[in-house]
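In the numbering used here, the protein residues as written are 1 to 173.
Glycine included, C-beta positions come from ideal geometry on N, C-alpha and C.
Computed from a prediction, not measured in an experiment: that's the story for all the values here.
The structure appears below as structure tokens.
Set out below in structure tokens:
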């Protein structure tokens, strides 16, 4: 009986360590893929015909995460992105200057590295400081090694469409 329990415990330990190693490898792969964003970017964002220029700085951390800070004339935010082993997605959480916050997840990498024409989706929720909630989907397109484009659509908590946001970005460093 003791021997059986010991064998079960050892077997379970090896199984768990194998899962952890798989998650570690996948986390490294995701980090390597999403390191594309680690740069300084000049971003143009258009919402309801209003244009805002944003400086975006994204850098990597020792823990395998991307830290992003964006600042424009009307907006300022920061976020941390990393691999979520539960959902097996690259997930970010952020805070905006006005107290709003968000959680977003990006679909699995569609290839080994970024290339022109590659598209994938971001999905998430924004909880605004005024109590409104927005559910959003962003279609991201890699234009080339140094630029990208996205289109964000969504609904509010009542199911009403929110303004579409068109974003273009160019790497500056």
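Taking the straight line between their C-alpha atoms, what separation do you get for residue 89 and residue 37?
In the chain shown, residue 89 corresponds to position 89, counting from 1. In the chain shown, residue 37 corresponds to position 37, counting from 1. Looking at the backbone, the Cα of residue 89 and that of residue 37 are separated by about 16 Å.
Mind the definition here: the segment 139 to 147 touches the segment 111 to 127 only if three or more C-beta pairs lie below 8 Å; say whether that holds.
Contact between the segment 139 to 147 and the segment 111 to 127 is present: three or more C-beta pairs spanning the two stretches fall below 8 Å.
When the Cα atoms are used, what is the spatial distance from residue 14 to residue 86?
Taking the chain shown and counting its residues from 1, one reaches residue 14 at position 14. Taking the chain shown and counting its residues from 1, one reaches residue 86 at position 86. In this prediction, residue 14 has a pLDDT of 40, which is less than 50 and means its spatial position is unreliable; nothing more can be read from the coordinates.
Assign residue 45 to one of two classes, buried (16 or more other C-beta atoms within 10 Å of its C-beta) or exposed (fewer than that).
Sequence index remark: in the chain shown, residue 45 carries index 45 (1-based). By the neighbour-count rule (16 or more Cβ atoms within 10 Å), residue 45 is buried.
Rank 108, 109, 148, 162 by C-alpha distance to the C-alpha of residue 125 and give the top, closest one.
Residue mapping note: residue 125 aligns to position 125 of the chain shown, counting from 1. Residue 162 holds the alpha-carbon nearest to the alpha-carbon of residue 125 among 108, 109, 148, 162.
Which partner residues does residue 37 have in the DSSP bridge list?
In the chain shown, residue 37 corresponds to position 37, counting from 1. Paired residues: none, contrary to the question.
Between the C-alpha atoms of residue 160 and residue 152, what's the straight-line distance to the nearest angstrom?
As a first step, residue 160 must be located in the chain shown, where it is residue number 160. As a first step, residue 152 must be located in the chain shown, where it is residue number 152. Using only the alpha carbons, I get a separation of about 15 Å.
Beta-carbon gap between residue 134 and residue 156 smaller than 7 Å
One-based indexing of the chain shown puts residue 134 at position 134. One-based indexing of the chain shown puts residue 156 at position 156. Cβ distance < 7 Å, so residue 134 and residue 156 count as in contact.
Status (buried if at least 16 other CB within 10 Å, exposed otherwise) for residue 111:
Position 111 of the chain shown, counted from the start, is the residue given in the question as residue 111. With fewer than 16 other Cβ atoms within 10 Å, it is exposed.
Option in 166, 169, 83, 54 with minimal Cα separation from residue 23
Taking the chain shown and counting its residues from 1, one reaches residue 23 at position 23. Closest in C-alpha terms to residue 23, from the list 166, 169, 83, 54, comes 83.
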